[in-house]
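Numbering (UniProt numbering), first residue to last: 1 to 333.
Just so you know, even glycine gets a beta-carbon here, dropped at the ideal spot from N, CA and C.
None of these values were measured; they are calculated from a predicted model.
Take a look at the structure below.
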Ligand SMILES: Nc1nc2c(ncn2[C@@H]2O[C@H](COP(=O)(O)OP(=O)(O)OP(=O)(O)O)[C@@H](O)[C@H]2O)c(=O)[nH]1
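This is the structure we're talking about:
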């Protein structure tokens with residue numbers, strides 16, 4: 001009998017390190033002479049993460065929303081089309097950081113009813129510093145969403161351990177163990193793990209562990225899946241002009257706390273190359289980039305209840321597209 005095509009789901013809250021891990025796994029499979037393919041889902045209208053993946057890797061993009069909210073059939077169709085068109089050896093699905101992965105698990109298992117695909121596992125990447133802060137305050141929709149992503153993982157990567165104290169790794173590992181008794185917990189910085197060891201640790205997805213009852217489950221499972229990230233919003237800004245690098249860096253540094261993830265491509269007035277910027281849980285990173293093909297200058301901001309109008313105004317001001325109100329004209333009669 002023909003072998004089934006292995007499929008992995010990559011889950012984890014916004015900015016936790018999913019794309020960082022995706023790059024490592026793709027490199028690993030390429031080195032092994034395998035042909036990996038990717039399905040990438042983004043909340044924003046543009047796929048900035050896709051720019052970080054080698055162009056030779058076949059990729060299906062699902063943009064402008066979360067797969068777990070669109071019809072389950074959409075993902076099944078994308079997966080089926082990708083498999084038929086590209087004949088990959090392995091497929092990896094990167095969910096948006098706001099997704100409840102169980103809906104994606106359902107879509108993949110549904111596809112396996114008529115395609116020879118096999119869900120190998122669900123890898124959840126955790127931003128340890130972010131989770132620790134939310135665990136200590138014990139509240140918020142983001143905290144509950146992180147819990148759901150952790151509960152259904154078949155392996156857990158405790159990423160960004162460089163941002164916490166060594167003793168806190170043990171503290172947070174204990175919490176994860178309570179939420180998920182099955183998954184192996186792998187501490188890491190920048191998801192630097194031996195790919196073979198990581199893939200070897202991927203266990204089965206425990207569907208019976210769907211959370212039940214509790215404050216975030218009222219209204220039935222369907223309502224909850226979606227209610228779990230109803231609070232998340234995205235604003236996409238297309239630049240028409242370059243901006244000053246220092247002013248832009250300051251703007252990123254001073255983003256409101258309710259914006260927890262931002263990324264984009266910008267051209268600066270005072271540098272020769274374009275930059276890809278990343279902002280996740282109050283940490284910013286700028287990287288020189290020369291995108292292939294036509295890529296606009298664009299930035300995506302993701303968070304909760306923030307004022308997109310204010311961000312837009314500030315960005316227009318940096319672009320010098322917003323004229324400051326003229327001072328009142330004094331007339332001397
Ligand atoms: N300090 C620190 N930064 C990290 C680590 N891993 C990743 N990052 C940075 O965190 C930012 C987000 O990483 P990504 O891999 O893009 O995160 P993601 O989960 O794919 O983000 P979304 O797709 O927006 O949900 C980037 O600037 C990374 O360089 C880590 O272990 N420590």
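| Item | Value |
| --- | --- |
| Sub-8 Å separation of residue 60 and residue 82 beta-carbons | yes |
| Distance, residue 53 Cα to residue 62 Cα | 15 Å |
| CB-CB length for residue 41 against residue 95, believed under 8 Å | 6 Å |
| Opening and closing residue of the alpha helix (DSSP H) in which residue 253 lies | 245–253 |
| Closest residue to residue 336 among 256, 251 and 244 (Cα-Cα distance) | Because the chain here runs from 1 to 333, residue 336 falls outside it and cannot be looked at. |
| Residue 290: CB within 7 Å of a non-hydrogen atom of ligand 1 | no |
| Residue 11 beta carbon less than 8 Å from that of residue 80 | no |
| Same chain only: Cβ atoms within 7 Å of residue 253, ignoring 5 sequence neighbours per side | 284 |
| Status (buried if at least 16 other CB within 10 Å, exposed otherwise) for residue 100 | buried |
| Residue 142 burial status per 10 Å Cβ neighbour count (16 or more: buried) | buried |
| Validate contact between the region 277–291 and the region 256–264 using beta carbons, cut 8 Å, 3 pairs | yes |
| Every unbroken beta strand (DSSP E) within the region 131–202, with a cutoff of 3 residues, ordered by chain | 155–159 and 184–187 |
| Among 166, 196, 194 and 155, nearest to residue 177 - alpha-carbon criterion | 155 |
| Alpha carbon of residue 276 to alpha carbon of residue 287, nearest angstrom | 5 Å |
| 6 Å Cβ shell around residue 110 - same chain, five flanking residues per side excluded | 76 |
| Through-space distance from residue 105 to residue 183, alpha-carbon basis | 16 Å |
| Distance between residue 50 and residue 240 (C-alpha atoms, nearest Å) | 22 Å |
| Neighbourhood of residue 297 by C-beta, 6 Å cutoff - its chain only, sequence neighbours within 5 removed | 239, 265, 266 and 267 |
| Whole-angstrom distance between residue 3 and residue 361, CA atom to CA atom | With the chain represented from 1 up to 333, any question about residue 361 goes unanswered, as that position is not in the structure. |
| Cβ contact check for the region 125–139 and the region 166–177: 3 or more pairs under 8 Å | yes |
| Which of helix, strand or coil DSSP assigns to residue 111 | helix |
| Whole-Å CB distance - residue 48 paired with residue 116, under 8 Å assumed | Not quite, the Cβ-Cβ distance comes to about 33 Å (not below 8 Å), so this is no contact. |
| Per DSSP, cross-strand counterpart(s) of residue 263 | 278 and 300 |
| Buried/exposed call for residue 34, threshold 16 Cβ in 10 Å | exposed |
| Sequence-distant residues of the same chain with beta carbon closer than 6 Å to residue 108, five excluded per side | 7 and 119 |
| From 322, 304 and 314, residue whose alpha carbon lies closest to that of residue 140 | 304 |
| Exposed unless 16 or more other CB atoms sit within 10 angstroms - verdict on residue 258 | exposed |
| Near ligand 1: residue 263 beta-carbon under 7 Å from a heavy atom | yes |
| Spatial distance of residue 334 from residue 65 (CA atoms) | Since the first residue shown for the chain is 1 and the last is 333, residue 334 is missing from the structure and cannot be characterised. |
| Contact under 8 Å by Cβ, residue 152 with residue 102 | yes |
| Opposing strand residues paired with residue 11 [DSSP bridges] | 124 |
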